[in-house]
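First the structure, in the form of structure tokens, and then the observations on it.
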Amino acid sequence: MLSSLWASEQYRETKLGFRVKNILFKQRSNYQMVEILETFDWGNILMLDGLMMVTEKDEFFYHETIVHLPMALRPNIKNVMVVGGGDGGTVRELVKYGSIENIDMVEIDQLVVEACKKHLPITSSKLDDKRVKLIFQDAFEFIKSAPKNHYDLIIADSSDPEGFAASLIETDFYSMVKDSLKEDGLFAAQSGSPLSQQKELKATWSNLSKVFPHREIAWSITPTYPGAWWSFVVASGKEITKPPIQEINSPKDCKFWKPEMLEALLCKPKFIEDILESKS
Ligand code: SPD
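Heads up, the sequence shown is in the working numbering, so the first residue is 2 and it goes up one at a time.
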């Protein structure tokens, strides 16, 4: 029998629908509605407050970009903080590097992690790696008292900058991130859709510019996010230079990422340049 159940993400004035076979998990946490649904076309999907976070079919584009792009820009990354990332996809990519010694994952919502461990087994498969420390706390609060000059890489794998995640694109947050990073440490974050979230992307870029002297923007794709095209930022107190491709030591078991992608993803399409340069 065909299911007549549909999950749809309405983001502003656009809706994207996914036909659902089964509701695997649905529970309100202290922060948001957490749903994991089995779909016909996209595998199991995670939605938070009705917004798409992960589909099993296309999450690799996002998670491989948010990890392997910054990892390609700095050798010798050992100590990492992940802000958010409760589904585990970012950690799964990070643990591919034998050189990484420690990953502090600071996720506000323990229920997201529990649900993903059960229903998104591939995405969450490395959350029990012995180098991973799960900290269930508001990242803004955690980073206030985090050690200074400590991390080589901080990745913000957050929801859209609305509600409790809104503070994660503010200059106060970026300043604390900068203090927690070593001098040549790198900050990487998802910065939303250059098509559907131009105002947020512009705010991210200008706030970053107030704190970090060196920044780059990269594009990638996630077909099930609004606009499909996605953006990521990297920033540092020290110059960001692209190493020659043959010096990039990326893991081989990726589906989207390979060292040649660094040059491609850092090449800004004209309309992204225009957003970053616009006045408002
Ligand atoms: N509009 C959706 C933005 C979601 C970005 N974060 C996704 C989390 C994947 N680990």
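We put the beta carbon where it would ideally sit given N, CA and C, even for glycine. Here the structure is a predicted model, which means the values were calculated and not measured.
Am I right that residue i and residue j are in contact with their C-beta atoms under 8 Å? What's the rounded C-beta distance?
i, j, result
"G89", "S30", "G89 to S30, Cβ: 17 Å. No contact."
"E65", "W220", "About 13 Å; that fails the 8 Å criterion."
"L38", "A8", "5 Å"
"F61", "K256", "5 Å"
"Q199", "I276", "5 Å"
"S181", "G85", "Not confirmed; about 15 Å, so no contact."
"M82", "Y98", "Going by Cβ atoms, the distance from M82 to Y98 rounds to 15 Å, so no, they are not a contact pair."
"K243", "E274", "Going by Cβ atoms, the distance from K243 to E274 rounds to 18 Å, so no, they are not a contact pair."
"M106", "I155", "No, M106 and I155 are not in contact; Cβ-Cβ is about 11 Å, not under 8 Å."
Skipping 5 residues on each side, what residues in its chain have a beta carbon closer than 8 Å to that of residue i?
i, result
"E261", "I246"
"E300", "Residue numbering for the chain in the displayed model covers 2 to 281; residue 300 lies beyond these limits and cannot be assessed."
"T172", "N208, K211 and V212"
"Q11", "G51"
"I241", "L74, L187, H215, R216, E217 and V235"
"Y175", "F188, N208, L209, K211, V212, F213 and A236"
"E184", "N150, G238 and K239"
"I249", "A73, P260 and L263"
Cβ of residue i versus every heavy atom of the ligand SPD: is any distance shorter than 8 Å?
i, result
"G86", "yes"
"P227", "yes"
"V55", "yes"
"Q199", "no"
"H64", "yes"
"Y12", "yes"
"G164", "no"
"G186", "no"
"Q191", "yes"
"L52", "yes"
"S160", "yes"
"T91", "yes"
"E115", "no"
"E108", "no"
"E102", "no"
"E60", "yes"
Under DSSP, the beta strand (DSSP E) around residue i begins and ends at which residues?
i, result
"W258", "Note, W258: premise wrong, no beta strand (DSSP E); not H, not E."
"D158", "Y152 to D158"
"R13", "Per DSSP, R13 belongs to no beta strand (DSSP E) and is neither H nor E."
"S221", "H215 to I222"
"S232", "W230 to S237"
So, for residue i: in the same chain, excluding its five sequence neighbours on each side, which residues have a beta-carbon less than 6 Å away from its beta-carbon?
i, result
"M54", "L47"
"E36", "K27 and M48"
"K127", "V92, R93 and V96"
"D139", "I109"
"K118", "S125"
"L6", "V21"
"A157", "V84, L169 and A190"
"Y63", "T223"
"A166", "S159 and S160"
If I measure Cβ to Cβ from residue i and keep anything under 7 Å in the same chain, skipping five residues before and after, which residues do I get?
i, result
"P162", "L169, I170 and E201"
"N80", "E102, N103, H151, Y152 and D153"
"P224", "D59"
"L196", "G228 and W230"
"M177", "I144 and K145"
"G87", "E108, D110, V113, V114 and C117"
Which residues mark the beginning and the end of the alpha helix (DSSP H) in which residue i is found?
i, result
"L209", "Q199 to V212"
"S192", "S192 -> not in any alpha helix (DSSP H); beta strand (DSSP E) instead, spanning L182 to G193."
"L273", "Note that residue 273 is Ile in the sequence shown here, rather than Leu. K271 to E278 is the extent of the alpha helix (DSSP H) around I273."
Worksheet item: Can you list the alpha helix (DSSP H) stretches of 4 or more residues lying completely in the segment 48-95, in chain order?
Response: 60-74 and 90-95
Worksheet item: Residue ranges of each beta strand (DSSP E) run of no fewer than 3 residues wholly in the segment 103-143, ordered along the chain?
Response: Within the segment 103-143, complete beta strand (DSSP E) segments of at least 3 residues are found at 103-108 and 133-137, given in chain order.
Fill in: Secondary structure, beta strand (DSSP E): runs of 3+ residues fully inside the segment 23-49
34-40 and 45-49
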